[in-house]
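Residue numbers (the working numbering): 9 to 258.
Structure first, commentary second.
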């Protein structure tokens, strides 16, 4: 069967030779070379016109055939000289016995981070304020509460102002939340102020634009580094009050 197939393939060698010569005359050297090498691989003794390109293709084909014959001979030699496979052992395999564990230091599991004392819902702090238009200021005590709602904390804040006159404020507050030990803090307040030297009511908004939150065990620390409140006194009168403060998150 193999011999018949080889003879059949060799019979097609003249066709590849003819096609290669036509491509060579047409100037397609790469395609002509491939056809000529294929023709001489099928029949190394195939007659062809004397030409340098034809001779080079015949030499390449013979070199390829020689490499194949050498490889086949090496494989045959290895097949006849390789030792026979060893018979499989008739003994049943021994059951797997795990090696005894040597005593060693026990590995400690990472400790789970403890929640804050009040679950992070209550904040008590102290901040200072300054009213440039009245050249007065003072400290204020603040308490706030809230609960996480998605990426923010929603709640409220109450403050008691101490200075040249006393005052109170109540506000709704929205602030950022984070599970990281160190995180950026920002918040916004919308509320109502009462008190001062004129005992007035004034709605206000506060932007806590730059802050920092640190977690340390059962408590956290909040730093409101740069905050600004805007109080509306009626008509087109506004008071701008910068603030800065510190709080403990429970």
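In this text, a Cβ means the ideal position worked out from N, Cα and C, and glycines have one as well.
{"Query": "Please state whether DSSP places residue 158 in a helix, a strand or coil.", "Result": "coil"}
{"Query": "Which class does residue 102 belong to by DSSP, given the choice of helix, strand or coil?", "Result": "coil"}
{"Query": "Nearest CA to the CA of residue 186: which residue from 48, 195, 178 and 179?", "Result": "195"}
{"Query": "Apart from the five residues just before and just after residue 198, which ones in its own chain have a Cβ nearer than 7 Å to its Cβ?", "Result": "179, 180 and 213"}
{"Query": "Is DSSP giving residue 150 helix, strand or coil here?", "Result": "strand"}
{"Query": "Using three-state DSSP, classify residue 79 as helix, strand or coil.", "Result": "helix"}
{"Query": "Helix, strand or coil for residue 72, going by three-state DSSP, please let me know.", "Result": "helix"}
{"Query": "Could you compute how far the alpha carbon of residue 235 sits from the alpha carbon of residue 189?", "Result": "22 Å"}
{"Query": "Between the C-alpha atoms of residue 13 and residue 35, what's the straight-line distance to the nearest angstrom?", "Result": "Note that residue 13 has pLDDT 48, beneath the 50 cutoff, so the model's placement of it is unreliable and no number is given."}
{"Query": "For residue 230, which of 139, 219, 72 and 244 has the nearest alpha-carbon?", "Result": "219"}
{"Query": "Take residue 26 as the anchor and find which of 244, 37 and 44 has the nearest alpha-carbon.", "Result": "44"}
{"Query": "To the nearest angstrom, how far is it from the Cα of residue 249 to the Cα of residue 151?", "Result": "19 Å"}
{"Query": "How many Å lie between residue 211 and residue 193 at the Cα?", "Result": "24 Å"}
{"Query": "Reducing DSSP to helix, strand and coil, say where residue 67 ends up.", "Result": "helix"}
{"Query": "In or out: residue 201 buried (at least 16 other Cβ within 10 Å) or exposed?", "Result": "buried"}
{"Query": "Could you give the distance in angstroms between the alpha-carbon of residue 245 and the alpha-carbon of residue 141?", "Result": "11 Å"}
{"Query": "Taking residue 124 as part of the alpha helix (DSSP H), name the residues at either end of that continuous run.", "Result": "Segment: none, residue 124 is in no alpha helix (DSSP H) and carries neither H nor E."}
{"Query": "With DSSP run on the structure shown, which of helix, strand or coil describes residue 175?", "Result": "strand"}
{"Query": "For residue 28 and residue 89, I'd like the C-alpha separation in whole angstroms.", "Result": "43 Å"}
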